[in-house]
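In the numbering used here, the protein residues as written are 41 to 409.
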């Protein structure tokens, strides 16, 4: 019997193809729990593997087009509900993230899953596989898995509590799974996109006095616009929000994902700087933006307060609230017209292009929130 507690970097062979584990995510609904792993082959094609040791049910699946490319699946309802991310490793998922799912199974045994996240709807098609179709190699020494996940793994409970949603259609049992709108950190993260290989050189780091959270500051020869587009390209457009400063004559762009805040701006010495930090670093608000003029500092705070602060008050209850008495010095608005770059539109276009490329290559990938 294979072990369901797979590790990052571990080799898995399915139907003769060798894959490498990229990340793992544990889901739970009201009555069920299951594990999913992103696997990638040497050509870059991605599948997701769903494992249930308790019921010995296994499935693989790939993303497909909206509406399953015209396939009529509506006559084969199986299940629906809300699932929650319990734990993960190697992923940018937040514990507690939720997804609404609908699932269908055709008489031929194909499983159609619709996942409705807060920012998008995703579609995937899967099939059951037999336990004997899966072969695992020894994991790399010290590799991350659910037992080592900082959020608290479930590896020790596998085989007793891990159950995949099962539905019986026309007398055939099938393991179902819920695809989430979060990705493996090995795929695309700010850490991997803001580095020397992409034209960003680390200049210095700042540390919050109250939380010890750190901000890294990079310099680059690129313009603010070119650096922003380069980061979005590398991230495959998967950011929660990105916006050019609405303050007149202020050359700055801010972007966030669920955990990080990145600011691309023109420094006081005329060079382009990029500050990358956790959102918690910004939340405590006890460290100034590095080498920035007053308008840029104002935009840095104003954007965070508008786009992330409300959510972060629920996350960082153990930290000092640096925005409790915050007052804006400028009016926040979304500018339009000549000279304004709508980077959210740009990011959306990048996401669409990457999704189309993955579908044409028969690959699958979870998108960033």
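All C-beta atoms in this analysis are idealised placements derived from N, C-alpha and C, irrespective of residue type, glycine included.
Query                                                                                                                            : Result
Residue 264 - containing alpha helix (DSSP H), residue span                                                                      : 264-274
Sequence-distant residues of the same chain with beta carbon closer than 6 angstroms to residue 142, five excluded per side      : 120 and 154
Distance between beta carbons of residue 316 and residue 302, contact taken as under 8 angstroms                                 : 5 angstroms
Outcome for residue 371 when other beta-carbon atoms lying within 10 angstroms are tallied against a minimum of 16               : exposed
Boundaries (first-last residue) of the beta strand (DSSP E) holding residue 284                                                  : 281-284
Nearest candidate by alpha-carbon position, reference residue 344, set 263, 131, 65 and 366                                      : 366
Local Cβ density within 10 Å of residue 112, reported as buried at 16 or more and exposed below that                             : exposed
Simplified DSSP state of residue 88, which is helix, strand or coil                                                              : strand
Reference residue 265; option with closest CA among 280, 44, 257 and 295                                                         : 295
6 angstroms Cβ shell around residue 329 - same chain, five flanking residues per side excluded                                   : 337 and 340
Beta-carbon proximity list for residue 179, same chain, < 6 angstroms, skipping 5 on both sides                                  : 47 and 50
Whether residue 251 touches residue 165 by CB criterion (9 angstroms)                                                            : no
Backbone CA spacing between residue 384 and residue 281 [nearest angstrom]                                                       : 6 angstroms
Limits of the unbroken beta strand (DSSP E) element including residue 67                                                         : 57-68
Burial state of residue 284 (16 or more Cβ within 10 Å)                                                                          : buried
Nearest-angstrom Cα separation, counted from residue 88 out to residue 98                                                        : 11 angstroms
Where the alpha helix (DSSP H) through residue 230 begins and ends                                                               : 230-233
Nonlocal neighbours in the same chain, by C-beta distance under 6 angstroms from residue 146, ignoring five residues either side : 116
Simplified DSSP assignment, three categories, for residue 368                                                                    : coil
Residue 71 versus 124, 279, 369 and 267, residue with shortest Cα-Cα distance                                                    : 124
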